[in-house]
Amino acid sequence: MTDLEIIKLIEELRNRNNSDDAYIGFYQYGGGPDESYIKANREGLEIHAAELLEASLETKTEFEKGKEKIFGLDNELYDKESDYGFDYVELKKEKRNEIKPYSEYKETWKDKVFKVGCVGIGIILIGLIIVGFITTITWFL
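Going by our numbering, the residue at position 116 of the sequence shown is 116; the numbering climbs one at a time, nothing skipped.
As structure tokens, this is what we get:
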């Protein structure tokens, strides 16, 4: 499809659907996000599809302008009882097999110092509790 055809389709989908009647929600039925489903009516699906089509058009303009590569979605469309929603689409220029996965987080020296500090404070608190308990017992003897 050409960009003009996509724009016409987006306008048609938005014009023929009332966003007040639209319903779409994302739910989790199991233990993790891999067990999820979408609950929606036709209007909700069509308006959501129009948003995604609009995001697809933005891929060209966003990369040309050098802007941040995200496209915000309308959260008002989602069901308030929905388990989760989508705030934005992160636009990518690369093909599927060219996209690099996120690198794993590497622990910095600050993280290590924070852990040692927390453990140290915990040990000191346990020591103070023991001393306080022993002192309290000696009062009654």
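Ideal Cβ placement from N, Cα and C applies to all residues, glycine included.
Assignment of Lys112 by DSSP, reduced to helix, strand and coil, places it in the helix class. If you draw a 10 Å sphere on the C-beta of Leu141, you find fewer than 16 other C-beta atoms in it, and that means exposed. Excluding residues up to 5 positions away in sequence, Leu91 lie with their Cβ nearer than 6 Å to the Cβ of Thr59 in the same chain. A residue is called buried when at least 16 other Cβ atoms come within 10 angstroms of its Cβ; Asn17 meets this threshold and is buried. The C-alpha of Gly122 is placed about 15 Å away from the C-alpha of Gly132. Around the beta carbon of Ile24, 16 or more other beta carbons sit within 10 angstroms, so the residue counts as buried. Lys39: member of the beta strand (DSSP E) spanning Ser36 to Ala40, first to last residue.
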